[in-house]
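Residue numbers (mature numbering (1 follows the signal peptide of the UniProt record, and there is no 0)): -22 to -1, 1 to 414. A virtual CB, placed ideally from N, CA and C, is assigned to each residue, including glycine. From a predicted model like this one, the values you see are computed outputs, not experimental measurements.
Below, the structure written as structure tokens:
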């Protein structure tokens, strides 16, 4: 083969590798360059224990953003600097009207978390970006956690991270401290995260796994801890591309315009329906909640800085959602059905209104059976994309949603005054949207 041909082939393979690395897809291993933990809470006597792990062989910087439950606005954000093969842990507990996050980890954060912890705040939705919803701190008591891997670290940043020199890291991120670019390289995409929702008095524990995305960024992000902070719903455009490419769970490979990054993330979570078990049985002392999280909803319904609704929607709601966020939320009316475990129909509401970014569904006593939610019914419930296999414009019907079932069974006859609780947390079964 002539040398020019070999060079051409090598260049083609190199470009293909760079594009493949940057394409967005859900990670089956749970590790990636961006992670979304769909639920934390301090309600009803519960606490939430967060673990963030760096599985790579190099130190990494990670941006962490706690978002409030109603409209996905930031309630607390900071950076954590993880040595190789290390983890950072924190607890989120009830503190008056708000929630308090604290950590005893030696792994560094910027800003540094004080020994007494730091409260989640209402500074965005009450002051910076009022959205018409309540301004009380109650909104911070439940929500989601977004994690963005900023970069693989080298040089002085790596040395300070591995040596747990938190003061040195803080100094490097002060205004006017100079460029950090020489110490940053592309993320290794080796981050995972999870939350354990715990009620100590009741002996109940629900594990909530983070959902990881690979290909979020193929270049280092020099995150500024003072903000504006990166959001999970806004991937970074690949350096060699003018559009985002996403591999959907249904097997489609889709392209999205440069100004539609949130659509690319949404395509990974688009569901036509979700369903699962409901255990509400007085004999078994069983009860069930469904946690529904819409990880990109704020992009389509919220007017705060940087959202699709504020940039291209003139403050109006954009598909796949129908209503802009206001005092009562941004409600979507969803078709709901339920059958008995034996298959017979049970009386149940025909529709439910889901109004917030995280919604908890409670069920009536003795309402055990199989429940289902239908998201692909409605004029607005679709996003458009270009299918790469044939160049056709296609649509995904449904809503971007993550669902989880939390069930508890109580054995009141354990003996010796012991109350034995058995808990389960499982994903709701979905019907991923297919491009049509």
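Worksheet item: residue 61 and residue 37: beta carbons closer than 8 angstroms?
Response: yes
Worksheet item: Between the beta-carbon of residue 98 and the beta-carbon of residue 76, is there less than 8 angstroms?
Response: yes
Item to complete: Please report how far the alpha carbon of residue 273 lies from the alpha carbon of residue 360, in whole angstroms.
Response: 16 angstroms
Discussion item. Let's see if you can read the secondary structure: which residues bound the beta strand (DSSP E) around residue 337?
Written reply: 336 to 340
Worksheet item: Residue ranges of each beta strand (DSSP E) run of no fewer than 3 residues wholly in the stretch 14 to 47, ordered along the chain?
Response: 25 to 32 and 38 to 46
Worksheet item: Since residue 308 contacts residue 299 with CB under 8 angstroms, what's their CB separation in whole angstroms?
Response: 6 angstroms
Worksheet item: Leaving out five residues before and five after residue 110 in sequence, what residues of the same chain have Cβ atoms less than 6 angstroms from its Cβ?
Response: 304 and 305
Worksheet entry | As assigned by DSSP and simplified to three states, the class of residue 144 | helix
Worksheet item: Under the DSSP definition of a beta bridge, which residues are partnered with residue 86?
Response: 59
Discussion item. Spatial neighbours of residue 151 within its chain, please: C-beta separation below 6 angstroms, excluding the five flanking residues on both sides.
Written reply: 88 and 203
Practice prompt. Check the DSSP bridge columns for residue 314 and list the partner residues they point to.
Written response: 351
Item to complete: Could you give the DSSP three-state label for residue 277: helix, strand or coil?
Response: helix
Worksheet entry | Spatial distance of residue 122 from residue 268 (CA atoms) | 15 angstroms
Item to complete: Indicate whether residue 341 and residue 401 have their beta-carbon atoms separated by less than 8 angstroms.
Response: no
Discussion item. Just verifying my parser: in three-state terms, what is the DSSP assignment at residue 257?
Written reply: coil
Discussion item. I need the straight-line Cα distance from residue -2 to residue 149, nearest angstrom please.
Written reply: Confidence is the limiting factor: at residue -2 the pLDDT is only 43, short of 50, which leaves the residue's position unreliable and the question unanswerable from this model.
Worksheet item: My guess is that residue 348 and residue 387 are in contact by the Cβ rule of under 8 angstroms, so how many angstroms apart are they, rounded?
Response: Wrong, their Cβ atoms sit about 18 angstroms apart, outside the cutoff.
Worksheet item: Start and end of the alpha helix (DSSP H) containing residue 461?
Response: Residue 461 lies beyond the residue range present for the chain, which begins at -22 and ends at 414; the question has no answer from this structure.
Item to complete: Classify residue 424 as helix, strand or coil using the three-state DSSP reduction.
Response: Nothing can be reported for residue 424: it is not among the residues displayed for the chain, which extend from -22 to 414.
Discussion item. Output needed for residue 25: all residues of its chain with C-beta closer than 7 angstroms, excluding positions within five of it in sequence on either side, in chain order.
Written reply: 69, 70, 71 and 176
Fill in: Contact set for residue -22: own chain, Cβ-Cβ below 7 angstroms, skip 5 residues either direction
The pLDDT assigned to residue -22 is 42, lower than 50, so where the model puts this residue is not dependable; a value taken from the coordinates is nonetheless given after this. Same-chain partners within the cutoff: there are none.
Practice prompt. Quick one: using the 10 Å Cβ neighbour count with 16 as the cut-off for buried, is residue 179 buried or exposed?
Written response: exposed
Discussion item. Less than 8 angstroms between the beta carbons of residue 170 and residue 9, yes or no?
Written reply: yes
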